[in-house]
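Working notes, structure below.
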Amino acid sequence: MPSPLSPLLRAASSLLGRRRDAERPATAPHDARRDRVTGLLSRAEFDLSLDDAALDADRKGQRFCVLYVDIDNFRLVNDACGHEAGDRLLAEVARDLPASAGPRAVAGRIAADEFALIVPGDLPAGHAAAASIAASLGRPHSVEGREMRLTCSIGIAAYPTHGSRPRLLSHASLAMRSVKLAGGAAHAEYSVQMGTDLREQADLVHDLRAALERQQFELYFQPKVDARSLQITAAEALLRWHHPQRGMVSPAVFIPVAERYGLIGPIGNWVIEAACRQAAAWRQQGLRMRVAVNLSGYQMRQDDFAERIEQALRRHGIPPARFTCEITESVAMEDTRATQQAFEHLRRVGVHVSIDDFGTGHSSLASLRRLPAAELKIDRAFVSDLATSADARAIARAIVQMAHSLELHVVAEGVETEAQRDVLVEMGCDELQGYLFAKPMTAQALALWADDDGPAHDGVFRPSLFEETKPAELPAGR
Ligand code: C2E
Ligand code: MG
Ligand code: MG
């Protein structure tokens with residue numbers, strides 16, 4: 001029988017009860033309706049509150065929203081500070097949740113770092129509550145003496161607009177996953193299209209799982225050239241996926257998907273193995289250039305990833321100092337125990353570490369100095385604006401000077417025009433990479449390109465055999 005008390009009021013009063021619970025000594029018996037860690041309603045209890053809220057709304061012709069909240073990258077907190085500290089942070093977050101969503105909100109814990117709320121009112125109230133929750137999570141939280149700011153992804157489903165009672169929570173969760181798919185740190189209300197996007201995503205994940213087995217991956221290579229001599233110094237391995245129906249799928253599309261669904265481990269291992277095998281084959285042909293691979297943050301957090309690199313290098317007889325690991329600035333600056341350990345392992349193995357996409361993250365000079373990096377790559381965004389923007393020139397010049405003072409080698413990526421090249425050479429950039437010199441190409445094409453199909457190779461840059469690649473000419477007098 002429905003309770004005579006408004007269910008929202010009932011739930012709110014039970015929340016007040018929860019606050020009193022939190023003040024009780026630790027020895028107090030556990031309330032089975034509540035989650036042990038956070039004191040919020042358990043999943044089952046939240047479902048009951050949702051039933052009541054729907055009945056009540058039907059009776060009174062009112063509306064309410066369900067918010068599905070997932071903290072972004074919460075795993076990093078557990079990695080960096082341990083599970084106990086993670087639990088304490090969750091409890092802190094849970095304490096603030098109902099208050100930031102409004103006095104009549106009801107909150108439950110659905111899974112590890114996933115919460116759901118019932119917020120009285122229509123969509124504007126739901127959006128306002130979501131914004132307020134995001135703001136509250138974004139305030140500094142102190143964990144093990146570190147200050148952390150959290151972001152979250154929130155999906156909103158309104159009752160009855162976005163579905164009947166049984167579908168409400170799953171629609172809010174779908175909206176949350178769509179927000180995650182788009183990079184997180186935002187909120188969105190449910191739409192039917194979201195289901196299609198996620199189904200497409202599910203198809204992609206399904207195909208990606210089989211791609212290794214079906215040998216659909218290939219490494220392309222793009223040369224880096226010395227800014228002054230134009231000799232090839234290195235080749236960066238860039239992963240390509242030949243999908244039987246979709247054609248060539250860009251790594252910018254499938255790498256984030258592989259990361260999100262835990263598929264990057266085996267794919268990353270394949271890349272390391274294939275790059276080492278290719279480096280060895282080139283060395284046999286007399287092409288003694290450095291080979292670079294891109295490592296994702298997820299690989300860096302695998303315990304045995306440096307060992308795998310070490311073993312692959314040994315197996316193929318590649319000196320570690322001739323092998324580059326490119327790690328994006330945003331991953332390199334993650335101040336987590338796992339990332340620091342990964343860098344320590346890479347230092348021990350003795351590989352050449354490069355900080356990729358530099359300028360897009362939030363580096364501090366102090367943390368840059370601590371990294372065992374030898375190279376820094378200026379992000380393409382700054383390079384593309386060089387010829388037209390004084391700001392981009394000022395930033396690029398500052399990066400080159402700072403990197404040199406830290407004894408880091410500077411590579412500019414995405415060099416497409418001679419004007420950009422001239423500015424970069426004048427700034428003292430050490431190496432250049434981009435379509436002006438060569439697009440990424442197959443290993444065989446690169447060998448031909450580098451060797452100009454000639455017999456003896458002396459590493460000197462020669463005109464390409466391919467139409468889309470142009471030999472670069474240095475300005476007169478250089
Ligand atoms: P990245 O490592 O910064 O690689 C540079 C990207 O810029 C490549 O895109 C390259 O093809 C493109 N590029 C190079 N020169 C030019 C130019 O002059 N103009 C323009 N417009 N673009 C240029 P790609 O191959 O699509 O790779 C995109 C990103 O995917 C890479 O960025 C890297 O972060 C990631 N990625 C590629 N392969 C792997 C891999 O094996 N493992 C991991 N974890 N990530 C990878
Ligand atoms: Mg790279
Ligand atoms: Mg890059």
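Residue 31 in the numbering used here sits at position 31 of the sequence shown; the count goes up by one each step and never skips. Using N, Cα and C, we set each Cβ at its ideal position, and we do this for glycine too. Quick caveat: nothing in here was measured; it's all calculated off a predicted structure.
Report the CB separation of T233 from E431 in whole angstroms; it is logged as a contact under 8 Å. 6 Å
Inset, instruction - Look at the alpha carbon of D31 and the alpha carbon of E84, and state the distance between them as a whole number of angstroms. - result: 21 Å
Straight-line gap, K224 to E236 (C-alpha atoms, nearest Å): Cα to Cα, the separation comes out at about 7 Å.
Q. Counting only runs that start and end within the segment 317 to 394, where is the beta strand (DSSP E) found for 3 or more residues in a row?
A. Every unbroken stretch of the beta strand (DSSP E) spanning 3 or more residues and falling wholly within the segment 317 to 394 is given here in chain order: 323 to 328, 352 to 358 and 375 to 378.
Assess contact between the segment 338 to 356 and the segment 382 to 389, defined as three or more Cβ pairs (one per stretch) separated by less than 8 Å. Is contact present?
no
Neighbour-count burial assignment, M248, 16 or more Cβ in a 10 Å radius = exposed
- prompt: Since D87 is in the alpha helix (DSSP H), which residue starts that stretch and which ends it?
  reply: H83 to S100 is the span of the alpha helix (DSSP H), which, as asked, contains D87.
- Task: For Q222, write down the residues that DSSP places opposite it in a beta bridge.
- Result: Residue pairing of Q222 in beta bridges, as defined by DSSP: E236.
Reference L123; option with closest CA among V77, T151 and T161:
Considering only alpha carbons, the answer is T161.
Out of L238, C429 and D226, which one is the CA nearest neighbour of A252?
L238
Would you call V411 buried or exposed, if buried means 16 or more other Cβ atoms sit within 10 Å of its Cβ?
So V411 counts as buried.
Can you list every residue whose CB sits closer than 6 Å to some heavy atom of ligand 2, going in chain order? E236, N294, E326 and D356
Please confirm if the segment 139 to 149 is in contact with the segment 69 to 87, defined as three or more CB-CB distances below 8 Å between the two stretches.
Touching, yes, given that three or more Cβ pairs across the two stretches are closer than 8 Å.
- Query: What separation, rounded to the nearest whole angstrom, lies between the Cα atoms of T469 and Q433?
  - Reply: In this predicted model, T469 has a pLDDT of only 30, less than 50, meaning its place in the structure is not dependable; the value taken from the coordinates is given anyway. For T469 and Q433, the distance between alpha carbons rounds to 12 Å.
* To do: Please classify G61: is it buried, with 16 or more other beta-carbons within 10 angstroms of its beta-carbon, or exposed?
  => The Cβ neighbour count for G61, taken over all protein chains shown within 10 Å, is under 16; the residue is labelled exposed.
Query raised in the report: Is R260 near ligand 1, judged by its Cβ being under 8 Å from some heavy atom?
Result: no
So, under 8 Å CB-CB, H127 and H171 are touching, yes? Tell me the CB distance rounded to an integer number of Å. So it is not a contact: roughly 16 Å between Cβ atoms.
Exercise. Keeping to the same chain, check which residues put their C-beta closer than 7 Å to that of P372; ignore five residues upstream and five downstream.
Key: F343, L346, R347 and V353
Report buried or exposed for A125, applying the criterion of at least 16 other Cβ atoms within 10 angstroms of its Cβ. buried
| message | Going by beta-carbon coordinates alone, are A116 and V37 separated by less than 9 Å? | response | no
For this session: Tell me where the alpha helix (DSSP H) around M300 begins and ends.
Result: Where M300 is concerned, the enclosing alpha helix (DSSP H) stretches over G297 to M300.
Margin query: Pairs of beta-carbons, one from the segment 295 to 305 and one from the segment 326 to 342, closer than 8 Å: are there three or more?
Written below: yes
Query raised in the report: Roughly how many angstroms lie between the CA atoms of S389 and G121, to the nearest whole one?
Result: 48 Å
Practice item. Could you say which of Q420, A157 and R139 lies nearest to R149 if we only look at CA atoms? Key: R139
query = A135: buried (16+ other C-beta within 10 angstroms of its C-beta) or exposed?
reply = exposed
Report the rounded CA-to-CA distance for I479 versus D226, giving the unit in angstroms. Outside the displayed range of the chain (1 to 478) lies residue 479, so it cannot be described from this structure.
*Does the beta-carbon of A22 have 16 or more other beta-carbons within 10 angstroms, so that it is buried, or is it exposed?*
Low confidence applies to A22: its pLDDT is 40, below 50, so where it sits in the model is not reliable enough to give any reading.
- Going by DSSP, what residues sit across from D430 in a beta bridge? Answer by DSSP bridge pairing: none, since D430 is not bridged.
Smallest Cα separation from E307: which of E334, A280, E273 and M289?
E273
_Spatial neighbours of G184 in its chain, beta-carbon cut-off 6 Å, leaving aside the 5 residues before and after_ = D72 and S153
| query | Where does M194 fall in DSSP's three states? | reply | helix
So, at 6 Å on beta carbons, what are the nonlocal neighbours of V425 in its own chain, with the 5 sequence-adjacent residues on each side left out?
The residues are A227.
inquiry  = At the level of alpha carbons, what is the spacing between A438 and E329?
reply    = Rounded to the nearest whole angstrom, the CA to CA distance from A438 to E329 is 24 Å.
Would you mind stating whether L169 and L50 have Cβ atoms separated by less than 9 Å? Cβ distance < 9 Å, so L169 and L50 count as in contact.
Exercise for review: Provide the residue span of the alpha helix (DSSP H) that contains M148, from first to last.
Suggested key: M148 -> not in any alpha helix (DSSP H); beta strand (DSSP E) instead, spanning R146 to M148.
Exercise. Using the beta-carbon count (16 or more within 10 Å), is A398 buried or exposed?
Worked result: exposed
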